[in-house]
Amino acid sequence: MSIKEDVKKLLNGSIDDKLDIIEKRTKERLASLLGVSEVPTEFEYISYEVTLKRFNRIGNEGMQSYSQEGLSMAFSDSDFSEYQDTIDEYRRKDEEAFYKPKKGVIRFV
Numbered sequence: 001m002s003i004k005e006d007v008k009k010l011l012n013g014s015i016d017d018k019l020d021i022i023e024k025r026t027k028e029r030l031a032s033l034l035g036v037s038e039v040p041t042e043f044e045y046i047s048y049e050v051t052l053k054r055f056n057r058i059g060n061e062g063m064q065s066y067s068q069e070g071l072s073m074a075f076s077d078s079d080f081s082e083y084q085d086t087i088d089e090y091r092r093k094d095e096e097a098f099y100k101p102k103k104g105v106i107r108f109v
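Per full-length UniProt numbering, the sequence shown starts with residue 1, numbered consecutively.
Here is the structure:
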């Protein structure tokens, strides 16, 4: 699906269409932040919570705060900011595993 089609569905699509697109884009972004091609199952809760945040914010994208008749909402700059420590820890563990000295055997004949 193209970005153009995704935006059209976000503007005029059904609730299921909107949720599908938001979930897909959220998982793509989370995978990018984690440095993986597919989101590990241990991070599904982040995907769920950010998808819900983004769905509830439809129509208020780009706003930092919103107030109307006693209702006030504030949005963070990044939907993933409250999970950044968890994401950074995962990336650190992944990098440590990559650079960890590996044991092996070398034989000369």
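Note that beta-carbon positions come from the ideal geometry of N, C-alpha and C, so glycine has one too.
Keep in mind the model is a prediction, meaning the values are calculated, not measured.
Rounded to the nearest whole angstrom, the CA to CA distance from Glu69 to Asp88 is 39 Å. Leu71 counts as exposed, since fewer than 16 other C-beta atoms from the protein chains shown sit within 10 angstroms of its C-beta.
Ser47 is positioned such that its CB atom lies closer than 7 Å to that of Leu30.
DSSP, reduced to helix, strand and coil, places Ser81 within a helical segment of the structure shown. Within the model, the alpha-carbon separation for Leu19 versus Glu44 is close to 15 Å.
Exposed is the label assigned to Leu11, since fewer than 16 other Cβ atoms lie within 10 Å of its Cβ. When DSSP states are grouped into helix, strand and coil, Ser47 belongs to the helix group.
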